[in-house]
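This report concerns only the one structure given below.
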Amino acid sequence: MSVLGTLVRKEFRQLRRDPALLRLVLILPVMQLLVMSYALNNDLRHLRVSVLDDDRTPLSRRLVEAFPHGVTFTPGPGAEGEAELGRLLREGRCDIAVHIPAGFARDVSDGRSPAVGLAVDGSNSSIAGRGAGYAEALLTREAARLATENGRPGGTPVKPAVRFYHNPELESRLYMVPGIIVILVTIISALVTGLAVVREKELGTLEQIRVTPVTPLQMIAGKTIPFALIALVDLILATLFAVAWFHVPMAGSPLVLLLGVFLYLVVTLGLGLLASAVSDTQQQAVFTVWFFLVFAIMLSGFFFPVQNMPPWARALTWLNPMRFFMAIVRGVLLRGAGVGDLAREFSMLALMGVAAFGGAVALFRRASD
Amino acid sequence: MSATSSTSTSVDGLAVHVRGLTRRFGDFTAVDGLDLDVREGEIFGFLGANGAGKTTAIRMLCGLLQPSSGSAMVAGVEVGRHARELKRRIGYMSQRFSLYDDLTVDENVEFFGGIYGLEGAPLRERSEELLPLLGLADRRRTQAGALPLGYKQRLALGCSLLHRPRVLFLDEPTGGVDPVARRRFWDLIYAQAAAGTTVFVTTHYMDEAEYCGRVSIMVQGKLVALDTPGGLKALTGGRDMQDVFLRLVEA
């Protein structure tokens, strides 16, 4: 047996003796590959189209029906007025808003070019550009066909007025920068907290503290408050930088963002603590958190829209706190969303915070028996 | 200190009072029906081979582990029922140097003092009193990680004494240091016992066993002997504690 062979064999033996690590390096990558290959794609799928038909004529209804209910477009919630249509777009409840103004049918039959409004959520630039192009082509073609049927072949065709909301230039930077902020906050809070706890486990200081009157709750609070503050400072710095340097708009209220990050930190700190509770070494803790992070990022809508995922993957994203915090950060920065617009996101984070932090406290209690 | 009715039923003059203390892990019995009494101010040696159950027993007495059955009173508190009160009254120093290497001597003292609610003037007074005793008075700004092992152990001892515990548990406190440093450490232990602190100590150094008032020897979860070092030598016919230990453990 060569020296190199001896060294390699010893490494494999040690790996085999560490089942937690073995699981992490063998099983989890396969799981990630399986889930992500099927879950993630950047195709145009399930764009939710909300239509406001102020014309209410057979002709306008035919234009509405021009959007096929298929893979690319699905019907979004209906709107009663322009204000509501705008709100649907702002709250992220539809991706494309179509407004057919009163007089559409008359314009078509008179050979005038009817002013159809097409507004697109530009916060995800890659989808918005292609989605808008697709929708625009569809409307133009359908309106031209309606004009021909009404005896105005080749009459002035419809040219929908396309507007992009939230990111009018369709810069991907505006979409990516808030996402990167979310990832930074997650890494700082979950990974660093988890490591700090496991480090004390390795050093034996955790055991030393357990023979003192310090309660598990005090112990956890003492461990998480400093990292919560650091993550908060990171968020503020990164947001200032994003606004000042990358010209990301701060469309909404910073207070809403702070409430969101507070709820989110409870979740991620809780998850960091959970990872530390199931890890005996810093190596295991890093792998555990890393595994969570890759899943969380991929299923957060950071690169790939959640609506593009198959139903089972979309269901999985409901367990993903990053998905909801991503929606809050993008919503506040790009769309100016308020607490009411993000009620679902806030409640999900609150629920997850209670679960993750409660679970961590329970585990620490049990470990101190 | 709060003294509720359930925590003041100590047996007079006894710092540790253990009856039938047992801990099972699955079908393995780590500690099996332990009975022992330790008087206040006594230095009690808790000996046994590795894996004999000493650490499990100490972890139960410190409130770190629930007993499967049996009872134990430590410093007047029933173990397993009033863990927090128990922890206020005891000190614990383990074989591993479990202080913060990246904090200075003073910062470690401040941390462990603060945990017991000791701060401000009382903490300053207490560390002014302890640090010279420990030979650490001129190292207060040194990071603990930079101290020689003997100094680290004395610092760990000091941190476990800050809150004036009634019972001090030492789990192999002097592992790995030279005889001079060990002697110095034991001088400190004697001083503490003379001041009324009960010392419950495990060790693998048989010369240290000679320093104890009484010594117990544990084999496979059970106590096989408990007497003064002189009494144990007479009982087994051993020349010294090393001999006594080998005869009892290998019997």
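Chains A and B supply the protein sequences, listed in that same order.
The opening position of the first sequence corresponds to residue 675 in the numbering used here, with each subsequent residue numbered one higher.
The opening position of the second sequence corresponds to residue 12 in the numbering used here, with each subsequent residue numbered one higher.
We treat Cβ as the ideally placed atom computed from N, Cα and C, and that holds for glycine.
Computed from a prediction, not measured in an experiment: that's the story for all the values here.
Chain-order list of chain A residues neighbouring B/Y127: T886 and P887, by C-beta distance under 8 angstroms. The shortest C-alpha to C-alpha distance from B/E51 to any of B/A148, B/G169, B/M84 and B/V120 is the one to B/M84. With the rule of 3 Cβ pairs closer than 8 angstroms, the segment 186-195 of chain B does not count as touching the segment 26-34 of chain B. Neighbours of B/C223 in chain A, taken as residues at a C-beta separation under 9 angstroms, are lacking, since the least C-beta distance is about 22 angstroms.
By the CB criterion at 8 angstroms, A/A789 and A/D728 fall outside the cutoff. Secondary structure at A/A789: coil, using DSSP grouped into helix, strand and coil.
Annotated as distal: A/I899 and A/F1038, with beta-carbon spacing of 8 angstroms or more. Going by DSSP, A/S724 is part of the beta strand (DSSP E) stretching over L721 to D727. Residue-level contact check: B/Y162 does not touch chain A, since none of the beta carbons of chain A fall below 8 angstroms from its beta carbon. Between the segment 686-705 of chain A and the segment 726-742 of chain A there are fewer than three inter-stretch CB-CB distances shorter than 8 angstroms, so the stretches are not counted as touching. When C-alpha distances from B/M104 are compared across A/T879, A/L909 and A/Q892, the shortest belongs to A/T879. Contact between A/Y839 and A/T746 fails: their C-beta atoms lie close to 20 angstroms from each other, not under 8 angstroms. In the pairwise beta carbon analysis, the segment 201-211 of chain B is classified as touching the segment 170-179 of chain B: at least three pairs are separated by under 8 angstroms.
The Cβ atoms of B/L234 and B/D48 lie no closer than 8 angstroms to each other. Taking one beta carbon from each stretch, the segment 124-140 of chain B and the segment 73-89 of chain B have fewer than 3 pairs nearer than 8 angstroms; the two do not touch. Neighbours of A/T867 in chain B, taken as residues whose beta carbon is under 7 angstroms from its own, are absent, since the nearest beta carbon is some 17 angstroms off.
At a cut-off of 8 angstroms between beta carbons, B/R137 makes no contact with chain A.
Using a 10 angstroms sphere on the CB of B/A148, the tally of other CB atoms stays under 16, which defines it as exposed. Residues of the segment 18-42 of chain B that bring their beta carbon within less than 8 angstroms of a beta carbon in chain A are absent altogether. Listed in chain order, the non-local C-beta contacts of A/R997 below 7 angstroms within the same chain comprise L973, S974, G975, V980 and T991, local neighbours out to five positions each way being set aside. Interface residue (Cβ-Cβ distance to chain B less than 8 angstroms): A/G760 is not classified as such. Look at the segment 47-80 of chain B: the residues with a C-beta under 8 angstroms from a C-beta of chain A are C73, G74, L75, L76 and Q77. Taking the beta carbon of B/S109 as reference, the chain A residues within 8 angstroms of it are L877, G878, T879, E881 and Q882, listed in sequence order. Of all residues in the segment 78-99 of chain B, only R95, K98 and R99 place a beta-carbon less than 7 angstroms from a beta-carbon of chain A.
Apart from sequence neighbours up to five positions away, the residues of its chain that approach A/G946 with a beta-carbon distance below 6 angstroms are A864, T867 and G868, ordered along the chain.
Counting the other CB atoms within 10 Å of its CB gives A/S676 a total below 16, which places it among the exposed residues. Per the C-alpha coordinates, the member of A/Q706, A/T680, A/A802 and A/P749 positioned closest to A/L718 is A/A802. Counting C-beta atoms within 10 angstroms of its own C-beta, B/W197 has 16 or more neighbours from the protein chains shown and is therefore classed as buried. For a Cβ distance threshold of 8 angstroms, residue set Q882 and V885 of chain A lies close to B/Y103, ordered along the chain.
A check of alpha carbon separations from A/I854 across A/F915, A/V871, A/F901 and A/T886 identifies A/F915 as the nearest. Ranked by how close their Cα comes to the Cα of B/D218, the residues B/Y111, B/D251 and B/Y201 have B/D251 in first place. Checking the DSSP bridge columns, you'll see B/S227 partnered with B/F57 and B/L237. For B/T209, the enclosing beta strand (DSSP E) begins and ends at T209 to T213. The bridge partners DSSP lists for A/P749 are A/V723.
For B/Q154, the pairing in a beta bridge is given by DSSP as B/T115. Segment contact: the segment 1017-1030 of chain A against the segment 744-758 of chain A, fewer than three CB-CB distances shorter than 8 angstroms; contact not assigned.
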